[in-house]
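**Q** Below is the structure I would like to discuss, written out as structure tokens.
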Amino acid sequence: MNKSKDVLLEVRNLKKYFAMKKGFFGGNTQYVKAVDDVSFYIKRGETLGLVGESGCGKSTTGRTLIRLYRPTDGEIIYGGKDISKMDDKELIPYRKKIQMIFQDPYASLNTRMTIGDIIGEALDIHKIATGKEKTEIVHDLLSRVGLSPDHAIRYPHEFSGGQRQRIGIARALAVKPEFIICDEPISALDVSIQAQVVNMLSDLQQELGLTYLFIAHDLSMVRYISDRVGVMYLGKIVEIGESEELYEHPAHPYTQALLSAIPVPDPDIVKNRKRILLEGDVPSPINPPSGCRFRTRCMHAMPKCAEIEPVMKEISSGHYAACYLL
Amino acid sequence: MNKENILEVKNLRTSFFTHVGEVKAIRGVSFNLKKGEAIGIVGESGSGKSVTSMSIMKLLQHPGKIIGGDILFKEKSIVNTSEKEMQSIRGNEIAMIFQDPMTSLNPVYTIGNQIKEAITRHQNVNREEAKNKAIEMLKIVGIPSPSDRINQYPHEFSGGMRQRAMIAMALSCEPSLLIADEPTTALDVTIQAQILELMKKLKKEINTSIIMITHDLGVVADVCSRIIVMYGGLIMEEGTTEEIFYNPKHPYTMGLLKSIPRLDLGENQRLVPIEGSPPDLLKPPIGCPFAARCPYAMKICEKNQPPYFETDKNHRSMCWLLHEDAPKVEVDTCVKRGKI
Ligand SMILES: Nc1ncnc2c1ncn2[C@@H]1O[C@H](COP(=O)(O)OP(=O)(O)OP(=O)(O)O)[C@@H](O)[C@H]1O
Ligand SMILES: Nc1ncnc2c1ncn2[C@@H]1O[C@H](COP(=O)(O)OP(=O)(O)OP(=O)(O)O)[C@@H](O)[C@H]1O
Ligand SMILES: [Mg+2]
Ligand SMILES: [Mg+2]
Numbered sequence: 055m056n057k058s059k060d061v062l063l064e065v066r067n068l069k070k071y072f073a074m075k076k077g078f079f080g081g082n083t084q085y086v087k088a089v090d091d092v093s094f095y096i097k098r099g100e101t102l103g104l105v106g107e108s109g110c111g112k113s114t115t116g117r118t119l120i121r122l123y124r125p126t127d128g129e130i131i132y133g134g135k136d137i138s139k140m141d142d143k144e145l146i147p148y149r150k151k152i153q154m155i156f157q158d159p160y161a162s163l164n165t166r167m168t169i170g171d172i173i174g175e176a177l178d179i180h181k182i183a184t185g186k187e188k189t190e191i192v193h194d195l196l197s198r199v200g201l202s203p204d205h206a207i208r209y210p211h212e213f214s215g216g217q218r219q220r221i222g223i224a225r226a227l228a229v230k231p232e233f234i235i236c237d238e239p240i241s242a243l244d245v246s247i248q249a250q251v252v253n254m255l256s257d258l259q260q261e262l263g264l265t266y267l268f269i270a271h272d273l274s275m276v277r278y279i280s281d282r283v284g285v286m287y288l289g290k291i292v293e294i295g296e297s298e299e300l301y302e303h304p305a306h307p308y309t310q311a312l313l314s315a316i317p318v319p320d321p322d323i324v325k326n327r328k329r330i331l332l333e334g335d336v337p338s339p340i341n342p343p344s345g346c347r348f349r350t351r352c353m354h355a356m357p358k359c360a361e362i363e364p365v366m367k368e369i370s371s372g373h374y375a376a377c378y379l380l
Numbered sequence: 007m008n009k010e011n012i013l014e015v016k017n018l019r020t021s022f023f024t025h026v027g028e029v030k031a032i033r034g035v036s037f038n039l040k041k042g043e044a045i046g047i048v049g050e051s052g053s054g055k056s057v058t059s060m061s062i063m064k065l066l067q068h069p070g071k072i073i074g075g076d077i078l079f080k081e082k083s084i085v086n087t088s089e090k091e092m093q094s095i096r097g098n099e100i101a102m103i104f105q106d107p108m109t110s111l112n113p114v115y116t117i118g119n120q121i122k123e124a125i126t127r128h129q130n131v132n133r134e135e136a137k138n139k140a141i142e143m144l145k146i147v148g149i150p151s152p153s154d155r156i157n158q159y160p161h162e163f164s165g166g167m168r169q170r171a172m173i174a175m176a177l178s179c180e181p182s183l184l185i186a187d188e189p190t191t192a193l194d195v196t197i198q199a200q201i202l203e204l205m206k207k208l209k210k211e212i213n214t215s216i217i218m219i220t221h222d223l224g225v226v227a228d229v230c231s232r233i234i235v236m237y238g239g240l241i242m243e244e245g246t247t248e249e250i251f252y253n254p255k256h257p258y259t260m261g262l263l264k265s266i267p268r269l270d271l272g273e274n275q276r277l278v279p280i281e282g283s284p285p286d287l288l289k290p291p292i293g294c295p296f297a298a299r300c301p302y303a304m305k306i307c308e309k310n311q312p313p314y315f316e317t318d319k320n321h322r323s324m325c326w327l328l329h330e331d332a333p334k335v336e337v338d339t340c341v342k343r344g345k346i
């Protein structure tokens, strides 16, 4: 893949396996191969969208990038340095530069702290502001995400699901990070606020030169915010390219199926359109299929797909896909 | 009560008595649900969708309280039902899929044990049968290697897998009323389609009534025949799915429809959010709650809460614009039939 000096993050052959408890009768330890040999890069100021089915490894990729998990294998090169094997102390500066907005707005907020304290905490930890200045920053952040400064003295359980998600966004923004991993930041939000938040994220990107990894399953929103999009299937990236190109000319049969299944908010179309329904069950990341992982559900599968895994092939400038049809 | 209805909600009012004052989350909500019918409740974050469903389930946490109105389930008021009786109704007759999966999943038990528990509580089966049924339910909601997965704990599941485990639990007792609060937000479109099919099947085969709470208008269009649009603790508009999409009467509904991302939007076009933010329910506005953000707001809108105007037999809206003396406005609906 083409690299240039403004690449902020490069991931090479990243793997993250989780050991599963042995069954009652023991036997060999099994592994959930959540992320299994994934490579991509993100340029400074760019947004890379990451889409794929539930359980395909999107959150694990994000969590490994911010080193909540230690990778099983592979390299994570951030600003020219490999952070994949760094210890907690070496990671301190990166804990400020890289922030994550978590998928689960319930689990990620401390229920005993007020909203103001939750957002202010990061400002304390990284010694960014104190006292009145801190209060001002907190209030400003709350307004930015569509909440009111009055909310600062209230507790997370007093807020609806969508409101909590916005608190998480305000918290991530507080320390002025340069790279934000947004794990489904808008799926808990209603459409009108989704639009507000997406517009807000793009404005902030312009203003502050932020770089995003934007994880989602809503393909329409991903196209809208991403410069490039990667499609994940069962722990692997099967297609990656500029968003327009990928949406106009999806090359991998899996991408094609995903695009055809987007729900449309129009009852007439819903009744009449054709979906490419994927046949068969989602295979397990514990025993993934041999060869191409998508072959068990692919309507074009051929014998050789079961034998050797197809490699990424450049089909047009910057547009890669791994499929024997290409 | 009309015999055809499984549920009637009458002028429901729910408040939270917090340390900073009374949050008036639901301020007079009424609607009916027929047997075997699916309705959608849509509306912005904080509009009161979850609190409405928690009130029906009688699962409001302190300091939340139903302070007025009535809820009839199968012709019987459940507002004053004892917690013991409610427990047998919940899970048996009314099942709920929560917006937060961890509300119904216990982190210290395996997924399998929790689904088995739900099954044995309501069905007369032995342990082996319960286990097989649990595995089958996980398989139906698209979880691969279900027989290995039942031994895992919730934190070992991905976000969407947790949500599906909870759906499996709720559906395994074949309820007569299913309340689904954002059931598919964490799910990708293919699995979402699978789960919506499953719900439609329940509706058809065992006549389950469904209340589907979601911000995804695509989901509503797919499953529901009627839509309730909520804002600021009130129902702003109610009508058939067709009417709401193609003939909305309330400016708030129009705003919602306009903010949907569409695949035909050009790359550099901005989405059209509804400007401003929802009212603070600590001090709800005395007039129409949407007035402050409404492009058509008139003087009266700030002073008086509008009544419902019926524009059709099954279509009502709380908006002064529908008063016969109000100026006529050019309606901008955005969703054009069959074009998106
Ligand atoms: N425990 C509580 N204490 C105080 N206020 C609360 C509490 N729970 C909910 N509220 C308030 O009630 C209002 C309605 O919340 P609700 O959870 O019903 O919103 P919602 O429509 O489900 O939104 P979302 O789409 O974000 O889930 C909100 O303003 C919220 O802040
Ligand atoms: N802490 C963990 N321990 C064990 N297994 C895990 C853990 N976290 C994730 N997994 C497993 O890794 C796989 C990928 O999970 P991940 O959360 O990355 O999926 P995802 O793509 O984010 O899915 P979703 O869209 O549902 O959130 C799943 O099979 C999951 O069960
Ligand atoms: Mg995830
Ligand atoms: Mg809610």
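One line per chain: the protein sequences are E and R, in this order.
Position 210 of the first sequence, counted from 1, bears residue number 264 in this note's numbering, the numbering being contiguous throughout.
Position 175 of the second sequence, counted from 1, bears residue number 181 in this note's numbering, the numbering being contiguous throughout.
Quick reminder that beta carbons are idealized off the backbone N, C-alpha and C, glycines included.
Note that the coordinates shown come from a computational prediction; the quantities given were computed from them, not determined experimentally.
List, in order along the chain, the chain E residues whose C-beta lies closer than 7 angstroms to that of residue 295(R)?
**A** Position 289 of the second sequence holds residue 295(R). The contacting residues do not exist; residue 295(R) stays about 14 angstroms from chain E at best.
**Q** Anything in the stretch 200-212 of chain E with a Cβ closer than 9 angstroms to a Cβ of chain R? List those residues in chain order, please.
**A** Going along the stretch 200-212 of chain E in chain order, one finds 200, 201, 202, 204, 205, 207, 208, 209, 211 and 212 with a Cβ nearer than 9 angstroms to chain R.
**Q** What are the residues of the stretch 100-129 of chain R that lie near chain E, defined by any Cβ-Cβ distance shorter than 7 angstroms?
**A** Taking 7 angstroms as the Cβ-Cβ cut-off against chain E, the residues of the stretch 100-129 of chain R that qualify are 105, 106 and 108.
**Q** Looking only at its chain, what residues have a beta carbon closer than 6 angstroms to the beta carbon of residue 84(R), apart from the 5 residues adjacent to it on each side?
**A** Within the second sequence, residue 84(R) is the residue found at index 78, counting from 1. Hits under 6 angstroms: 77.
**Q** My understanding is that residue 324(R) touches residue 312(R), with C-beta atoms under 8 angstroms, so please give their C-beta distance in whole angstroms.
**A** Your numbering for residue 324(R) matches position 318 in the second sequence. Your numbering for residue 312(R) matches position 306 in the second sequence. At roughly 5 angstroms, the Cβ-Cβ gap stays under 8 angstroms, so residue 324(R) and residue 312(R) are in contact.
**Q** Tell me, which residues are paired with residue 314(E) by DSSP?
**A** To locate residue 314(E), count along the first sequence from 1; it is residue 260. Residue 314(E) is not bridged to any residue.
**Q** With C-beta atoms as the reference, is residue 3(E) less than 7 angstroms away from residue 165(E)?
**A** What is shown of chain E runs 55 to 380, which leaves residue 3(E) out entirely.
**Q** According to DSSP, residue 348(R) sits in a beta bridge with which residue or residues?
**A** Here chain R covers residues 7 to 346 and nothing more, so residue 348(R) does not appear.
**Q** Go to residue 127(E), then tell me how far its beta strand (DSSP E) extends in each direction, as first and last residue.
**A** Your numbering for residue 127(E) matches position 73 in the first sequence. First-last of the beta strand (DSSP E) with residue 127(E): 127-132.
**Q** Determine which residues of the stretch 218-241 of chain R have a Cβ less than 7 angstroms from any Cβ of chain E, and write them out in chain order.
**A** So the close ones are 221, 222, 223, 224, 225, 227 and 228.
**Q** In chain order, what residues of the stretch 190-215 of chain R put their CB closer than 8 angstroms to some CB of chain E?
**A** Of all residues in the stretch 190-215 of chain R, 191, 192, 193, 194, 195, 196, 197, 198 and 199 have a Cβ within less than 8 angstroms of some Cβ in chain E.
**Q** Look at the Cβ atom of residue 140(R), then the Cβ atom of residue 126(R), and state whether they are nearer than 7 angstroms.
**A** Looking up residue 140(R) in the second sequence gives position 134. Looking up residue 126(R) in the second sequence gives position 120. No, these two residues do not count as a Cβ contact at 7 angstroms.
**Q** By Cβ distance below 6 angstroms, which residues in the same chain neighbour residue 257(R) in space, the five residues on each side in sequence not counted?
**A** Here residue 257(R) refers to the residue found at position 251 of the second sequence. Result list for residue 257(R): 300 and 302, in chain order.
**Q** Distance, Cα to Cα, residue 140(E) vs residue 363(E)?
**A** Along the first sequence, one-based indexing puts residue 140(E) at 86. Along the first sequence, one-based indexing puts residue 363(E) at 309. Straight-line Cα distance between these residues: approximately 32 angstroms.
**Q** Between the Cα of residue 142(R) and those of 177(R), 237(R), 108(R) and 128(R), spot the shortest distance and give me the residue it belongs to.
**A** Counted from its first residue, the second sequence places residue 142(R) at position 136. Measuring from the Cα of residue 142(R), the nearest candidate turns out to be 177(R).
**Q** Counting only Cβ-Cβ distances shorter than 8 angstroms, please list the residues of the stretch 296-330 of chain R near chain E, keeping chain order.
**A** Residues: none.
**Q** In chain order, what residues of the same chain have a beta carbon less than 8 angstroms from the beta carbon of residue 53(R), not counting five sequence neighbours either side?
**A** Counted from its first residue, the second sequence places residue 53(R) at position 47. Around residue 53(R): 236, 237, 238, 239 and 284.
**Q** Could you check the C-alpha separation between residue 254(R) and residue 37(R) for me, to the nearest Å?
**A** Counting from one through the second sequence, the residue named residue 254(R) turns up at place 248. Counting from one through the second sequence, the residue named residue 37(R) turns up at place 31. The straight-line gap from Cα to Cα measures roughly 18 angstroms.
**Q** Excluding sequence positions up to five away, which residues of its chain have a Cβ less than 7 angstroms from the Cβ of residue 354(E)?
**A** Locating residue 354(E) in the first sequence gives position 300, counting from the first residue. Correct list, in chain order: 307 and 379.
**Q** If we count the other Cβ atoms within 10 Å of its Cβ and call it buried at 16 or more, is residue 365(E) buried or exposed?
**A** In the first sequence, the residue the question calls residue 365(E) occupies position 311. Exposed is the call here.
**Q** Check the Cβ of residue 335(E) against every Cβ in chain R and list those closer than 8 angstroms, keeping chain order.
**A** Residue 335(E) sits at position 281 when you count from the first residue of the first sequence. The contacting residues are 145, 148 and 150.
**Q** Report yes or no: do the stretch 147-162 of chain E and the stretch 224-241 of chain E share at least 3 C-beta pairs separated by less than 8 angstroms?
**A** Yes: at least three Cβ pairs fall under 8 angstroms.
**Q** Run through DSSP, which three-state label would residue 226(R) get?
**A** Numbered from 1 along the second sequence, position 220 holds the residue referred to as residue 226(R). Note: residue 226(R) maps to helix in three-state DSSP.
**Q** Which residues in chain E have a C-beta closer than 7 angstroms to the C-beta of residue 251(R)? List them in chain order.
**A** Sequence index remark: in the second sequence, residue 251(R) carries index 245 (1-based). Per Cβ cutoff of 7 angstroms: 320 and 321.
**Q** Per DSSP, what kind of secondary structure is residue 380(E) in: helix, strand or coil?
**A** Taking the first sequence and counting its residues from 1, one reaches residue 380(E) at position 326. Residue 380(E): coil per DSSP, three-state reduction.
**Q** Spatial neighbours of residue 69(E) within its chain, please: CB distance less than 7 angstroms, with the 5 preceding and 5 following residues excluded, ordered by chain position.
**A** Taking the first residue of the first sequence as 1, we reach residue 69(E) at position 15. Counting only Cβ-Cβ distances below 7 angstroms, and skipping sequence neighbours, we find 89, 90, 91, 125, 126, 127 and 128.
**Q** Tell me the rounded alpha-carbon separation between residue 272(R) and residue 198(R).
**A** Numbered from 1 along the second sequence, position 266 holds the residue referred to as residue 272(R). Numbered from 1 along the second sequence, position 192 holds the residue referred to as residue 198(R). For residue 272(R), the predicted model reports a pLDDT of 49, less than 50, meaning its position is unreliable and no value from the coordinates is stated.
**Q** Over what stretch of residues does the alpha helix (DSSP H) that includes residue 58(R) continue unbroken?
**A** The sequence position of residue 58(R) within the second sequence is 52, counting from 1. Residues 55-63.
**Q** Tell me the residue span of the alpha helix (DSSP H) that contains residue 186(E).
**A** In the first sequence, the residue the question calls residue 186(E) occupies position 132. Where residue 186(E) is concerned, the enclosing alpha helix (DSSP H) stretches over 185-198.
**Q** Ligand 6 heavy atoms versus the CB of residue 365(E): any closer than 6 angstroms?
**A** Only ligand 1, ligand 2, ligand 3 and ligand 4 can be found as ligands here, which leaves ligand 6 out of the picture.
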